[in-house]
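First the structure, in the form of structure tokens, and then the observations on it.
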Amino acid sequence: MKLFSIALFSSLLFFFFSHFALAQNVDVGALVDNSPPTISITDPEDGETVSGTVTIAATASDDSGIAQVEFYIDGLLKFTDSTFPYSFNWDSSTVVDGSHTISAKAIDLAGKTSSDSIQVKVKNEEEALESPTKKTKPPTVEPPTASPSPRRVTLFDLPEDRELGFILGNWDFLLGILFGIEVILILFLIIRIRRFKSKT
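According to mature numbering (1 follows the signal peptide of the UniProt record, and there is no 0), the stretch in the sequence shown is residues -23 to -1, 1 to 177, in order.
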């Protein structure tokens, strides 16, 4: 009877300690964070063309909580955000035009990390060209010139032996003037002769 009591007590003691230890293991395991956080860049989209100031946004989650989110441009840390929503305003004019890598790394309260990366194309040069810095000079409008008269005297430079010369316009015009003067003189003489005859 005594042996039976000892065996029963030993069995109960083993059962109690085995279940207590199992319960302790479950509780300890529940307190340990073995999973890394999750993170995703939501803006801009992968492959998007950007310019000027770009808002980079990310979502992150973890069972134990997120300590902070770090934002990287081409592998260089640019900003750290510890409050939700996680975002960063990036001035893309600080880099040359072309392809660049945006990365976001989430760090949970247990120190575990997870990252997400995208590629964007920066294109700022054309926007700068579209904003002129100098005013364009208005075209110069030349005043209309009168059509040259067919009968004129034109002065011009003569080569070598003469510095200045002139050319008379159409000879027919000059001859016409001389002929007109002669006609006037003849008429004047005829009138004078008639008056003289009438007096005599």
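Built from N, CA and C at the ideal position, the CB exists for glycine as well.
Quick check on GLY157: does DSSP put it in helix, strand or coil?
On the sequence shown, position 180 is the one that residue 157 refers to. Residue state, collapsed to three classes: helix.
So for SER91, helix, strand or coil by DSSP?
On the sequence shown, position 114 is the one that residue 91 refers to. In this structure, SER91 counts as strand in the three-state DSSP scheme.
Are ALA34 and PRO14 touching if we call contact CB-CB under 8 Å?
Residue mapping note: residue 34 aligns to position 57 of the sequence shown, counting from 1. Residue mapping note: residue 14 aligns to position 37 of the sequence shown, counting from 1. Not in contact: ALA34 and PRO14 (Cβ atoms no closer than 8 Å).
Buried or exposed (CB count within 10 angstroms, at least 16 for buried), VAL27:
Residue 27 sits at position 50 when you count from the first residue of the sequence shown. Per the 10 Å Cβ criterion, buried.
If distances are taken between C-alpha atoms only, which option among ASP51, ILE43, ILE16 and ARG172 comes closest to THR78?
Numbered from its first residue, the sequence shown carries residue 78 at position 101. Minimum Cα distance to THR78 is reached at ASP51.
What residue from THR30, LEU164 and GLY153 has the CA that sits closest to ASP68's CA?
The residue given as residue 68 occupies position 91 in the sequence shown. Closest option to ASP68, Cα to Cα, is THR30.
Taking 8 Å as the limit between beta carbons, can you name the residues of its chain near GLU102, skipping five residues before and five after?
In the sequence shown, counting from the first residue as 1, residue 102 sits at position 125. Closer than 8 Å at the Cβ level, and outside the excluded window around GLU102, lie ASP74.
Taking the beta strand (DSSP E) that THR71 falls in, what are its first and last residues?
Reading the sequence shown from its first residue, position 94 is the one you call residue 71. Where THR71 is concerned, there is no enclosing beta strand (DSSP E), given that its DSSP letter is neither H nor E.
Determine the extent of the beta strand (DSSP E) in which LEU54 is found, giving its start and end residues.
Position 77 of the sequence shown, counting from 1, holds the residue named residue 54. Segment 53 to 58, the beta strand (DSSP E) holding LEU54.
Looking at the strands, I want to know which residues DSSP matches up with ILE50.
Within the sequence shown, residue 50 is the residue found at index 73, counting from 1. BP columns for ILE50 point to LEU53 and ILE79.
In whole angstroms, give me the CA-to-CA distance for residue 178 and LEU164.
Nothing in the structure corresponds to residue 178, since the chain is present only between -23 and 177.
If you follow the beta strand (DSSP E) that SER17 is in, where does it begin and where does it stop?
Walking along the sequence shown from the start, residue 17 turns up at place 40. Unbroken beta strand (DSSP E) run through SER17: 15 to 20.
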